[in-house]
Amino acid sequence: MLTRNCLSLLLWVLFDGGLLTPLHPQAQEILEAQPRENVVPVSGRRSSAQRVKRGWVWNQFFVLEEYMGSEPQYVGKLHSDLDKGVGTVKYTLSGDGAGTVFTIDETTGDIHAIRSLDREEKPFYTLRAQAVDVDTKKPLEPESEFIIKVQDINDNEPKFLDGPYVASVPEMSPVGVIRTALPNMDREVKEQYQVLIQAKDMGGQLGGLAGTTTVNITLTDVNDNPPRFPKSIFHLKVPETSHVGSAIGRIRAVDPDFGKNAEIEYNIVPGDGGNLFDITTDEYTQEGIIKLKKPLDFETKKAYTFKVEASNLHLDHRFHSVGPFKDTATVKINVLDMDEPPVFSKPMYTMEVYEDTPVGTIIGAVTAQDLDAGSSSVRYFMDWKNDVDSYFTIDATEGTIATNELLDRESTAQYNFSIIASKVSNPLLTSKVNVIINVLDVNEFPPEISVPYETSVCENAKPGQVIQTITAADKDLSPAGQRFSFKLSSEASNKPNFTVHDYRNNTAGIEARRNGYSRRQQELYFLPVVIEDSSYPVQSSTNTLTIRVCRCDSDGTIQSCNVEAIFLPVGLSTGALIAILLCIVILLVIVVLYVALRRQKKKDTLMTSKEDIRDNVIHYDDEGGGEEDTQAFDIGALRNPKVIEDNKIRRDIKPDTLRFTRHRPPAEDNTDIRDFINQRLQENDVDPSAPPYDSLATYAYEGNGSVAESLSSIDSLTTEADQDYDYLSDWGPRFKILADMFGEESYSPDKVT
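No gaps in the numbering here: position 725 of the sequence shown is 796 in the working numbering, and each next residue is one more.
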């Protein structure tokens, strides 16, 4: 067979035009004798215009795949016309597989394949050949590219391209529907079948080879099996302290089907205790999860029994005749007794108390019990959270709640706190309840008029006309339905001026009772209104409304309510009134200025000099009060300041030393008044306790040389009738009254000089 292939290859080369140097010398000589065209001439050896035969030409070689010989497989030979066989030409090979797959003899140009080739791995190789002068190392021929093709042999069996093939056959399929189906196939018995298929290559140079593949046939599951409980009774134990909604147990029914055909739905059959529980399906394990719907109590009921039904969720109508696809089991739940905290009798307590209730008053109680078999006593205490809880206290044993402070509804209307109950046998077991205390209002404050009203009535008002609508307000927190009533006080009900009309909706109207009012007669009216509330105890107050009489037009629009407008003559405008007032003010200012100037001028005439107190002449025109008048004038102004400077004593501050007693020697008879004054002046100059030098000291001394002599009635030796008072008329007009008192008829003001 190999020989035949080689001969075929040789004939193909010969008919292809001698592109390949033949394997045998005879064929090579024939090829060399044939003319060669399109040869690239070597530089300097041929003219491009000449037609020469080409030095070497090749296109492609062939080599057999899967060569199993002991020697390298001969591929072909490279030869140049310039090679004379004397060893001056060197052949080189480069490209795909050069040196690894193919080698060349540098002297002869023979090409060999040094390893076995596989056409299915690589069908051809592209290489480049070069002829080089050994001495000069210069190319003798241009580099040329050629292809070595791997020739195919029939060394592979046929194969299925898309294997392995997978087919599915519904279980329980009847025989004959599918040729490969076997009778009584059951997926629950065997899920998959394997079928070997063989393909044989009947042609080919190497004979008929056969290929095989495997087909996996998987049976498709159908819902042909009902779920079954492995046992008919399930026993569960559940603590009574289990929380509502928690899972208390699991049960499971077995379904030999697969996938969605094995999905199971669980339901509790209505019966004893079934309403306390619920059941759901675990989507991963297909178990039934039993959950608690209501709290359990061992002291109330210790066990529950009910039935659970398991059924297929997805039914196949083709297998309805097989039987019911469901099963039933009984579940028995035993409640375990646990040590529980005390239980309050109510979920929440609401109490009421009046404000201002005395401290210590009991307003209610809470009750908790231990429901366990061995009951224990219960203790109560407040759950302190803030200072508001201090308003109440609780009895630890009885659970009674009492006030601890005075309550004020206007401050806090509701209190919300918690009471904790614990077991004496186990204080860690506690329960809590919420307590709400509403503070009831005590009617403390009387209602009052809500806002101060400015009420007015027109002079032309008519009886029954509403002049004001009033409302009331209460400082107490008024309960729903609070009603206020309005009426006149008893002392005002007899006066026919105004009345109060209660509208019965917490408002009232003030109505006129007269046909017209006069501002000239009375400008203001005071109306006492009594307001009562409907709370207990009833509170009332008297509120006085001030009603002003105003001048209005015919439509009732108020034009003026001023007091001055009453006294204005009819027709006098406001501008005229202002002008009159301005004139009056100007006159008053002129009078005040005139009086002030007169007083200032009179004062200036009394003072001649203010530079030195010693030069001052004090003018006075009163008669004085005699010797006992020590407050009219201060004769200290006549004191010599020179003596004061010599004493070096401050006269504006009272000295600490005791005041010296003044010794006044009796005045001698007929002593002149000047001597008397000088004597008193010296006494004051040397007196350190005397007043400051700018003060005025007064002295009273009549002297024996007086013309009138003594005026005292004690020293009078004669009667009043014997007295002669003619000299009084010579003293001037200031003594006129005194002269008249003594009955001098001959007194005449004209004689006074």
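No residue lacks a Cβ here, since even glycine has one placed at the ideal position from N, Cα and C. Predicted, not measured: the structure shown is a model, and the values here were computed from it.
Going by DSSP, what residue range makes up the beta strand (DSSP E) through Met422? In the DSSP assignment, Met422 falls within the unbroken beta strand (DSSP E) covering Met419 to Tyr425.
Taking 8 angstroms as the threshold (C-beta atoms), are Asp206 and Thr159 in contact? Contact check for Thr159 against Asp206 passes: the beta carbons are separated by less than 8 angstroms.
Ile185 vs Val172 beta-carbon contact at 8 angstroms: Cβ atoms of Ile185 and Val172: closer than 8 angstroms.
With a cut-off of 8 angstroms, do at least 3 Cβ pairs link the region 431-442 to the region 460-472? yes
State buried or exposed for His150, treating a residue as buried only when at least 16 other CB atoms are found within 10 Å of its CB. buried
Three or more C-beta pairs under 8 angstroms: does that hold for the region 327-334 against the region 368-382? no
Mapping the DSSP letters down to three states, classify Val172 as helix, strand or coil. Correct three-state label for Val172: coil.
In the DSSP assignment, find the alpha helix (DSSP H) that holds Ala810 and state where it starts and stops. Residues Lys807 to Met812.
Distance, Cα to Cα, His306 vs Thr401? Their Cα atoms are separated by approximately 9 angstroms.
Leu307 (DSSP reduced to helix, strand or coil): DSSP places Leu307 in strand when its eight states are reduced to three.
Suppose only complete runs of 3+ residues qualify. What are the beta strand (DSSP E) ranges in the region 582-636, listed by chain order? 595-604, 611-623 and 629-631
Can you name, in chain order, every residue of its own chain whose Cβ lies under 8 angstroms from the Cβ of Ile319, other than the five neighbours on each side? Beyond the five residues adjoining it in sequence on each side, Ile319 comes within less than 8 angstroms, by CB distance, of Leu307, Val309, Ser313, Phe348, Ile361, Lys362, Leu363 and Ile404 in the same chain, given in chain order.
Helix, strand or coil: which one does DSSP assign to Thr356? coil
Between which two residues does the alpha helix (DSSP H) harbouring Asp756 extend? Ile744 to Asp756
Through-space distance from Gln610 to Phe557, alpha-carbon basis: 12 angstroms
With DSSP as the reference, please indicate the residues paired to Met409 in a beta bridge. In the DSSP output, where bridge partners are listed per residue, Met409 has none listed.
Only counting the same chain, and skipping five residues up and downstream in sequence, which positions put a Cβ closer than 7 angstroms to that of Glu515? So the qualifying residues of the chain are Asp547.
For the region 564-583 against the region 478-493, do three or more pairs of beta-carbon atoms, one drawn from each stretch, fall closer than 8 angstroms, so that the two count as touching? no
Determine the direct distance from the alpha carbon of Thr174 to that of Val110, and round the result to whole angstroms. Note that Val110 has pLDDT 32, beneath the 50 cutoff, so the model's placement of it is unreliable and the number below is only indicative. Their Cα atoms are separated by approximately 25 angstroms.
For Ser165, I'd like the list of residues in its chain whose CB is within less than 6 angstroms of its CB, leaving aside the five on either flank, ordered along the chain. Arg199
If you reduce the DSSP assignment to three classes, tell me which class Asp349 lands in. strand
Ignore the nearest five residues each way along the sequence and tell me which others in Tyr574's own chain have a CB closer than 7 angstroms to its CB. Gly580
Since Glu214 contacts Thr197 with CB under 8 angstroms, what's their CB separation in whole angstroms? Contact flag wrong, Cβ pair sits at about 13 angstroms.
With distance defined between alpha-carbon atoms, name the residue in Pro429, Glu228, Val510 and Ala543 nearest to Glu519. Ala543
Helix, strand or coil at Ala436 according to DSSP, with G and I counted as helix: strand
Does the region 474-481 come within contact of the region 413-422, defined as at least 3 CB pairs closer than 8 angstroms? no
Please work out which residues of its chain come closer than 6 angstroms, Cβ to Cβ, to Ser606, disregarding the five sequence neighbours upstream and downstream, and give them in chain order. Asn514
Taking the alpha carbon of Gln630 as the point to measure from, which residue in Ser527, Val662 and Gln593 has its own alpha carbon closest? Ser527
Going straight from the alpha carbon of Phe828 to that of Arg299, what length do you get? Outside the displayed span of the chain (72 to 824) sits residue 828, for which this structure offers no information.
Only counting the same chain, and skipping five residues up and downstream in sequence, which positions put a Cβ closer than 6 angstroms to that of Thr428? Hits under 6 angstroms: Thr474.
Considering only the alpha carbon of each residue, which of Ser625, Asn531 and His572 lies closest to Arg585? Asn531
Taking 7 angstroms as the limit between beta carbons, can you name the residues of its chain near Gly342, skipping five residues before and five after? Phe377 and Lys378
Just the C-alpha distance for Ser502 and Gln357, rounded to the nearest angstrom, thanks. Rounded to the nearest angstrom, the two C-alpha atoms are 39 angstroms apart.
Count the other CB atoms within 10 Å of the CB of Leu188; is the residue buried (16 or more) or exposed (fewer)? Counting other Cβ atoms within 10 Å of its Cβ, Leu188 reaches 16 or more and is therefore classed as buried.
On the criterion of 16 or more Cβ atoms from any shown chain inside 10 Å, does Glu212 qualify as buried, or is it exposed? buried
Strictly by DSSP, which residues pair up with Arg199? Ser165 and Glu216
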